[in-house]
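One structure below.
In the UniProt record's numbering, the protein residues as written are 1 to 346.
Structure follows, in structure tokens:
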């Protein structure tokens, strides 16, 4: 793709995100989301492969429907209350429609079907944007309206997301689809706590973004998109593959790593809110995700020759690891010791 075109699309993404997260008026927030959607579409379809075109079409239709629902909910609220302010969102029917619209934007169950297909049809760098940057504006809208959302509905959607995200990721062989289902499961953890402690949801989102960005950039460096190719990449960059093992275990939420922190704080907060059964259920469902992260980690680092996979031997690259990957990998594995400080902030 033309570098000037890439610059325009990247600038539009930053502009759309900035407009949405800084707006108080629903029309401005909607305009920012539309700019974002239109800017990401060429990046999804840039390879001109039929699968990429299909992914771009699915993404456009889903996001257009979600934006229309969001606009409809804000208009209904303005009709009944006379308020266009995002924080003054009080009408119960409007709140239900808005929850559905943002769930569709994010890919929460039961509006999750588009996300794995779109991610599978996109390049790894665009997949990174779809999993992180594109989820930030809807997440800020969730944050700003958290006081008026229905906790029962969100808890049901969150537990369903954690269950389906883990269960549907078990049988996948495509890495992008596995990461898509991982994203759906993580969104479940964010949605369950949003009405009780919105800052904790944002913390979870920031840490998820860090870990997912590291995973996508590492996979992009070693050019792995399927489990069968991941099994043969250890010769190319052994240190990067070893780091990928830790990043995947951090995404799974295992204790000495960064990913354990948001899960720990969320379970603590749910218990304080007398929601111990929900906390137990979502914790048990995260074990499904742990299985496919371990499968990815096993394929990345533990499947050494001799094995039966026919493949071309990859040459060891002496290129130094990208600095951004090194910094992100460090942060996404070693932040657990500062969790008491973070707990005092939130």
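In this text, a Cβ means the ideal position worked out from N, Cα and C, and glycines have one as well.
By DSSP, does residue 58 sit in helix, in strand, or in coil?
The answer is helix: DSSP assigns residue 58 an H, G or I state.
Tell me which same chain residues have a C-beta within less than 7 Å of the C-beta of residue 31, skipping the five on either side of it?
Within its own chain, the residues whose Cβ lies closer than 7 Å to the Cβ of residue 31, once the five positions on either side in sequence are excluded, are 19, listed in chain order.
Going by DSSP, what residues sit across from residue 174 in a beta bridge?
Residue 174 pairs with 226.
First through last residue of the alpha helix (DSSP H) which encompasses residue 273
That residue, residue 273, is in no alpha helix (DSSP H); it is neither H nor E in DSSP.
Please list, in chain order, all residues of the same chain as residue 26 whose beta carbon is under 7 Å from its beta carbon, the five residues on each side excluded.
Here residue 26 has 74, 84, 86 as same chain residues with Cβ atoms under 7 Å from its own Cβ, once five neighbours each way along the sequence are excluded.
Whether residue 266 touches residue 193 by CB criterion (8 Å)
In contact: residue 266 and residue 193 (Cβ atoms closer than 8 Å).
Answer yes or no: do residue 137 and residue 21 have a C-beta to C-beta separation smaller than 8 Å?
A contact, by the Cβ cut-off of 8 Å.
Residue 422 - DSSP class collapsed to helix/strand/coil:
Since the first residue of the chain shown is 1 and the last is 346, residue 422 is not available in this structure.
Is there contact here, the segment 104-118 with the segment 9-16, by at least three beta-carbon pairs under 8 Å?
With the cut-off at 8 Å, the segment 104-118 and the segment 9-16 do not touch.
Nearest to residue 181 by CA position, among 198, 163, 196, is which residue?
The residue with the shortest Cα to Cα distance from residue 181 is 163.
In angstroms, rounded to a whole number, what distance separates the CA positions of residue 279 and residue 152?
Distance between the alpha carbons of residue 279 and residue 152: 14 Å.
Assuming residue 348 contacts residue 286 under a Cβ cut-off of 8 Å, what Cβ separation, rounded to an integer in Å, is found between them?
As shown, the chain starts at 1 and ends at 346. That puts residue 348 outside it, with no answer to give.
Range of the contiguous alpha helix (DSSP H) that encloses residue 331
Where residue 331 is concerned, the enclosing alpha helix (DSSP H) stretches over 323-334.
Assuming residue 94 and residue 77 make a contact with CB atoms under 8 Å, what is their CB distance in whole Å?
About 4 Å separates the two Cβ atoms, so the contact holds.
Spatial neighbours of residue 240 within its chain, please: C-beta separation below 8 Å, excluding the five flanking residues on both sides.
Shown here for residue 240: same chain residues with a beta carbon closer than 8 Å to its own, the five before and five after excluded, namely 218, 221, 222, 321, 325 in chain order.
Curious, which full-length alpha helix (DSSP H) runs of at least 4 residues does the segment 73-128 contain?
Complete alpha helix (DSSP H) runs here, min 4: 92-106, 114-121.
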